[in-house]
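Student:
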Amino acid sequence: MDVANFFYLTLLSIIAFLNLPSLTSSQSCKNSCGNIPIKYPFGTGLGCGDPRFQKYVTCNQDKLTLTTHTGCYPVTSIDYNNQVIYISDPSMSTCACTQPSKGFSLDWDAPFSFHDDTVFTLLDCSTTSSPIYLASGYISENSSTTKVPQCDRTGAPICSFLYSCRAISLLNLPISTCCVYTPVDLGPSFEMDLQKLQCTSYSGFYSFNGQESNPDNWKYGIALKYKFNVYNEYPSSCSSCERSNGVCGYAGAYNTFVCNCANGLNTTSDCFFGGAFNHGSRLIPGQNGVSG
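In the working numbering, the protein residues as written are 19 to 310.
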């Protein structure tokens, strides 16, 4: 047998091995959840995306959801170019309806922060006892005085527009019970507890949508920023994986990077039949530092 035939038969054997029914399965990590494209750092299940984000953003029955200690919130879209994720809160008041709410908060260790464009408006707050109107702060549960940021007075027109909405105007609430509360005012814990603030509900929006005086058309919801890592660098290994139509993920006790391919196999590089691969958690000796 000459060398050319030997390599040809070897290549056929490798391709046949990679396509054995007993070794392959459908791709476990998907590149979409419903109609929302999924890219790093997000994932559609355990072992997909970045492990830091996996417990906060999940895909269940084609619905992408953000979870915090205050509830579960549908993800409406993701702007990958600007690293912004947009969510909605079913308990939030809008120009179309107003309802009681307990507020919204991020977990202190969540890999998110509020986007500068996000504006919160507290509605129906007590002007006599709410701490947001007390310049000297209030006594917290641990008996230490805590400074509470004042309402953003420059946001008064926002309250006027919101309180002109039919759903809110029917409540006949005085304009003084409205408070524009920007994300920076939420403090390091990103906590907005309406019960402690003595406000009935809140509204959030991230864009006037080119119609500042028409609250019916504002983009209601919450915009959150995210970073890939401390230096906010997109992992080069993930870029190579996605260029080969793979989905970035992780595996093992140390959350080692893997590229999840359409044939159900994981590789340590990409899906162009290069590098070591695994099926489940079994690494096959090959390239990229995986030894036999």
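Note that CB positions come from ideal geometry on N, CA and C, so glycine has one too. Keep in mind it's a predicted model, so treat the numbers as computed, not measured.
Is it a yes or a no for the stretch 197-207 touching the stretch 99-115, going by three-plus beta-carbon pairs under 8 Å?
Tutor: The stretch 197-207 is not in contact with the stretch 99-115.
Student: Who are the Cβ neighbours of Gly267 in its own chain at under 6 Å, not counting the five residues just before and after it?
Tutor: Working through the sequence shown from its first residue, we reach residue 267 at position 249. Closer than 6 Å at Cβ, skipping near neighbours: Cys47, Gly65, Cys66, Val276 and Asn278.
Student: Alpha carbon to alpha carbon, how far is Asp211 from Asn250? Give it in angstroms, no decimals.
Tutor: For this step, residue 250 is matched to residue 232 along the sequence shown. For this step, residue 211 is matched to residue 193 along the sequence shown. Cα to Cα, the separation comes out at about 31 Å.
Student: Would Thr146 be called buried (16 or more neighbouring beta carbons within 10 Å of its own) or exposed?
Tutor: Indexing the sequence shown from 1 puts residue 146 at position 128. Label assigned to Thr146: exposed.
Student: Have a look at Gly155 and Pro149 and give me their C-alpha separation to the nearest angstrom.
Tutor: Here residue 155 refers to the residue found at position 137 when the sequence shown is read from its first residue. Here residue 149 refers to the residue found at position 131 when the sequence shown is read from its first residue. Any reading at Gly155 needs caution, since the residue's pLDDT is 44, under 50, leaving its predicted position unreliable; the model's value is listed next. Using only the alpha carbons, I get a separation of about 6 Å.
Student: Would you call the stretch 48-65 in contact with the stretch 91-102, where contact means no fewer than 3 C-beta pairs closer than 8 Å?
Tutor: Contact holds: three or more Cβ-Cβ distances are below 8 Å.
Student: State buried or exposed for Gln168, treating a residue as buried only when at least 16 other CB atoms are found within 10 Å of its CB.
Tutor: For the purposes of this step, residue 168 is taken as the residue at position 150 of the sequence shown. It counts as exposed.
Student: Please report the distance separating the alpha-carbon of Asn227 from that of Lys237.
Tutor: Sequence index remark: in the sequence shown, residue 227 carries index 209 (1-based). Sequence index remark: in the sequence shown, residue 237 carries index 219 (1-based). Straight-line Cα distance between these residues: approximately 6 Å.
Student: Just the Cα atoms here: how many angstroms apart are Pro108 and Ser225?
Tutor: For the purposes of this step, residue 108 is identified with residue 90 of the sequence shown, where counting begins at 1. For the purposes of this step, residue 225 is identified with residue 207 of the sequence shown, where counting begins at 1. Answer to the nearest angstrom: the Cα atoms are 18 Å apart.
Student: For the alpha helix (DSSP H) containing Ala269, name the first residue and the last one.
Tutor: On the sequence shown, position 251 is the one that residue 269 refers to. Note, Ala269: premise wrong, no alpha helix (DSSP H); beta strand (DSSP E) at Val265 to Ala269.
Student: Measure the Cβ-Cβ separation of Cys77 and Gly63 and say whether it is below 8 Å.
Tutor: Your numbering for residue 77 matches position 59 in the sequence shown. Your numbering for residue 63 matches position 45 in the sequence shown. Taking 8 Å as the Cβ cut-off, Cys77 and Gly63 qualify as a contacting pair.
Student: Since Gly121 contacts Tyr220 with CB under 8 Å, what's their CB separation in whole angstroms?
Tutor: Sequence index remark: in the sequence shown, residue 121 carries index 103 (1-based). Sequence index remark: in the sequence shown, residue 220 carries index 202 (1-based). Confirmed, about 6 Å.
Student: Indicate the three-state DSSP secondary structure (helix, strand or coil) for Ser158 in the structure shown.
Tutor: Your numbering for residue 158 matches position 140 in the sequence shown. Model confidence at Ser158 stands at a pLDDT of 48, short of 50, so the residue's coordinates are unreliable and nothing is read from them.
Student: Is it buried or exposed for Asn247, if we count other Cβ within 10 angstroms and need 16 for buried?
Tutor: For this step, residue 247 is matched to residue 229 along the sequence shown. Flag for Asn247 reads exposed.
Student: Give the C-beta separation of Thr195 and Asp135 to the nearest angstrom, bearing in mind that I take them to be a contact with Cβ-Cβ under 8 Å.
Tutor: The residue labelled residue 195 in the question sits at position 177 within the sequence shown. The residue labelled residue 135 in the question sits at position 117 within the sequence shown. Going by Cβ atoms, the distance from Thr195 to Asp135 rounds to 25 Å, so no, they are not a contact pair.
Student: Should Leu188 go down as buried or exposed, given a rule of 16 or more other Cβ atoms within 10 Å for buried?
Tutor: As a first step, residue 188 is located in the sequence shown; it is residue number 170 there, counting from the start. By the 10 Å Cβ count, Leu188 comes out exposed.
Student: Beta-carbon within less than 6 Å of Phe290's beta-carbon, same chain only, minus the 5 sequence neighbours each way: which residues are those?
Tutor: Within the sequence shown, the letter at position 272 stands for residue 290. Same-chain partners within the cutoff: Ser262.
Student: Quick one: what's got a C-beta closer than 8 Å to Tyr74's C-beta in the same chain, skipping five residues either side?
Tutor: Reading the sequence shown from its first residue, position 56 is the one you call residue 74. Once the five neighbours on either side are set aside, the close Cβ partners of Tyr74 are Leu84, Thr85, Thr86, Asp125, Ala128, Pro129 and Phe130.
Student: If Cys259 sits next to Asp288, beta carbons under 8 Å apart, how far is it from one beta carbon to the other, in whole angstroms?
Tutor: Position 241 of the sequence shown, counted from the start, is the residue given in the question as residue 259. Position 270 of the sequence shown, counted from the start, is the residue given in the question as residue 288. Rounded, the Cβ-Cβ distance is 5 Å, consistent with contact.
Student: Using the Cβ count rule (16 or more neighbours within 10 Å means buried), how would you classify Ile157?
Tutor: Working through the sequence shown from its first residue, we reach residue 157 at position 139. Because the pLDDT of Ile157 is 44, which lies under 50, any placement of that residue in the model is unreliable, and the question is left without a value.
Student: Does DSSP put Gly67 in a helix, in a strand, or in coil?
Tutor: The count along the sequence shown starts at 1 and reaches residue 67 at position 49. Residue state, collapsed to three classes: coil.
Student: Taking its Cβ as the centre, do 16 or more other Cβ atoms sit within 10 Å of Gln72, making it buried, or is it exposed?
Tutor: Translated into the one-based positions of the sequence shown, residue 72 becomes position 54. Gln72 comes out buried.
Student: So Leu180 and Thr139 are in contact, right, with Cβ under 8 Å, and what is the actual spacing, rounded?
Tutor: As a working note, residue 180 is residue 162 in the sequence shown. As a working note, residue 139 is residue 121 in the sequence shown. Right, the Cβ-Cβ distance comes to about 6 Å (below 8 Å), so this counts as a contact.
Student: What's the gap between the Cα of Arg70 and the Cα of Asn281?
Tutor: Here residue 70 corresponds to residue number 52 of the sequence shown, with the count starting at 1. Here residue 281 corresponds to residue number 263 of the sequence shown, with the count starting at 1. Taking the straight line joining both Cα atoms gives about 26 Å.
Student: Between the C-alpha atoms of Arg314 and Ile193, what's the straight-line distance to the nearest angstrom?
Tutor: Residue 314 lies beyond the stretch modelled for the chain, which goes from 19 to 310, so this question has no answer here.
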